[in-house]
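*Asks:* Letter by letter, the sequence shown follows residues 6 to 236 of this note's numbering. Glycine residues also receive a C-beta, built at the ideal position from the N, C-alpha and C atoms.
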Amino acid sequence: MAAAKIKLYTNHGCPWAHRAHISLAELNLPFEEEIIDLSVPRTPEYLKINPRGLVPSIEYNGEILTESAVISNFLADQYPSHLIPASDAPGGAFLRAKIAFFVDTFISKTTGHFFKAQWGKEEEIETSVKEYVEAIVKEIEPLLANAAPFFNGSDKLTQAEVLTGSFVVRLFTLPKYGVLPEHILTDLSAKAPNFYRWGEAVSKHPSVLGIYDEELMAAKTKERAAKLRAA
Ligand SMILES: N[C@@H](CCC(=O)N[C@@H](CS)C(=O)NCC(=O)O)C(=O)O
6 MAAAKIKLYT NHGCPWAHRA HISLAELNLP FEEEIIDLSV PRTPEYLKIN PRGLVPSIEY
66 NGEILTESAV ISNFLADQYP SHLIPASDAP GGAFLRAKIA FFVDTFISKT TGHFFKAQWG
126 KEEEIETSVK EYVEAIVKEI EPLLANAAPF FNGSDKLTQA EVLTGSFVVR LFTLPKYGVL
186 PEHILTDLSA KAPNFYRWGE AVSKHPSVLG IYDEELMAAK TKERAAKLRA A
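In structure tokens:
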């Protein structure tokens, strides 16, 4: 396949944009990036690329795609790899469905509690942490019973980790900066050992760590929490 011209519109602080970076790193695709400053209103030029004004967006050989899952799934399909099988490969449609269910469950059942634990009201942090841990135990732990160390027995990253890794690396790195209570990790290691083992592997993977600056992320998360709590 001739090398495609790829431009990613991104912000390194955004967990959704981080998904596209994980895809591009794992697929070893060269790309140009433009950092979108989210602290100011979007320019008219960027709003033409993404009328919602969100990151990430991607320009692929002159065509625009927006929404992180759409972008990462497109790249995984365009460049067949270890990340996810084609739907017509043996067992492929079934594994794709399992990955889709895992990602949907992770995002819909856990991330709300995770965000609230980071920048919700001070007096609600412990409740959000408790609800987050409970959601991981109930919803995610059983889906990782055969992780080795990645989803469904894979020894390489899969699309399941591409689409959740940005949240997992935040979970495993931010508590030591006081952004989340440190006991969130000890609770998870005791109550959700499959998840904990998987999360440790995900949060150390080079493709997940590529653009991630944990000190900067901790500082920015604290700043955002202070602003939201003062409002
Ligand atoms: N559903 C979108 C969510 C993207 C999103 O919320 N991005 C945030 C940054 S993390 C954004 O661009 N916010 C615009 C703003 O802060 O003004 C996706 O998955 O791509």
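#1: Indicate the three-state DSSP secondary structure (helix, strand or coil) for Phe155 in the structure shown.
#2: Would you please state the rounded distance, in angstroms, between the beta carbons of Phe177 and Gly204? I believe it to be under 8 Å.
#3: Between which residues of its own chain and Gln164 is the CB-CB distance below 6 Å, once the five residues before and five after are set aside?
#4: Mind checking Gln238: buried by the 16 CB within 10 Å criterion, or exposed?
#5: Please tell me whether Leu59 has its Cβ less than 7 Å away from any Cβ of chain C.
#6: Could you pull out every residue in the same chain whose Cβ sits closer than 6 Å to the Cβ of Lys114, ignoring the five residues on either side in sequence?
#7: Pick out whichever of Pro56, Leu43, Thr191, Lys12 has its Cα sitting closest to the Cα of Pro35.
#8: What residue range is occupied by the uninterrupted alpha helix (DSSP H) comprising Ile104?
#9: Val108 and Leu168: beta carbons closer than 7 Å?
#10: If distances are taken between C-alpha atoms only, which option among Val142, Leu233, Ser171 comes closest to Tyr201?
#11: Using a Cβ-Cβ cut-off of 6 Å (strictly less than) and excluding sequence neighbours within five positions of Asn66, which residues of its own chain qualify?
#12: Output the distance between the C-alpha atoms of Glu277 and Tyr137, rounded to the nearest integer angstrom.
#13: Closer than 5 Å between the C-beta and any heavy atom of ligand 1: which residues qualify, listed along the chain?
#14: To which residues does DSSP link Glu64 through a beta bridge?
#15: Taking the alpha carbon of Pro154 as the point to measure from, which residue in Ala30, Tyr182, Ala206, Lys135 has its own alpha carbon closest?
#16: Alpha carbons only, please: which of Thr71, Val45, Ser44 is nearest the one belonging to Arg57?
#17: Is Ser291 helix, strand or coil by DSSP?
#18: Contact defined as beta carbons within less than 8 Å: I believe Pro20 pairs with Phe172. What is the distance between those atoms, to the nearest angstrom?
#19: Which residue from Asn199, Glu166, Glu50, Leu193 puts its Cα closest to that of Glu31?
*Replies:* On the basis of the data shown:
#1: strand
#2: 6 Å
#3: Ala81, Leu88, Ile89, Ile104
#4: With the chain covering only 6 through 236, there is no way to say anything about residue 238.
#5: Protein chain content of the structure displayed is limited to a single chain, and chain C is not contained in it.
#6: Ala140, Glu144
#7: Lys12
#8: 97-124
#9: yes
#10: Val142
#11: Ala9, Lys10
#12: With the chain running from 6 to 236 in the structure shown, residue 277 is simply not present.
#13: Cys19, Trp21, Leu43, Leu59, Val60, Glu72, Ser73
#14: Lys12, Ile69
#15: Ala206
#16: Thr71
#17: This structure cannot settle anything about residue 291, because the visible part of the chain is limited to 6 through 236.
#18: 6 Å
#19: Glu166
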